[in-house]
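Quick notes on the structure that follows.
Residue numbers (the numbering used here): 45 to 127.
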């Protein structure tokens, strides 16, 4: 994806910014998929780990773990547990 704007820092680093919101959302989705793969979530949640313990295991926030557990369908697949 191409940024809307490219700047240089005082140190000469290329700074890409102002990506369209659609691209940022796509990047967030991909990051969540890579950090919390569905198969891993299914395994850990199926073993009884709650969202906080899943987050601790993967080194991510509880909010991200909760979001991925819901978005992947793992929560629905395993039943009405609290995440």
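Even glycine gets a Cβ: it sits at the ideal position worked out from N, Cα and C.
query                                                                                                                                              : result
Assign residue 101 to buried or exposed, taking buried as 16 or more other Cβ atoms, counted over all protein chains shown, within 10 Å of its Cβ. : exposed
Compute the Euclidean distance between the alpha carbons of residue 120 and residue 95, then round it to the nearest angstrom.                     : 14 Å
Return no unless some Cβ of chain D is closer than 8 Å to the Cβ of residue 73.                                                                    : No chain D is present in this structure, which holds just one protein chain.
Counting along the chain, where does the alpha helix (DSSP H) carrying residue 71 start and finish?                                                : 65–79
Alpha carbon to alpha carbon, how far is residue 58 from residue 91? Give it in angstroms, no decimals.                                            : 45 Å
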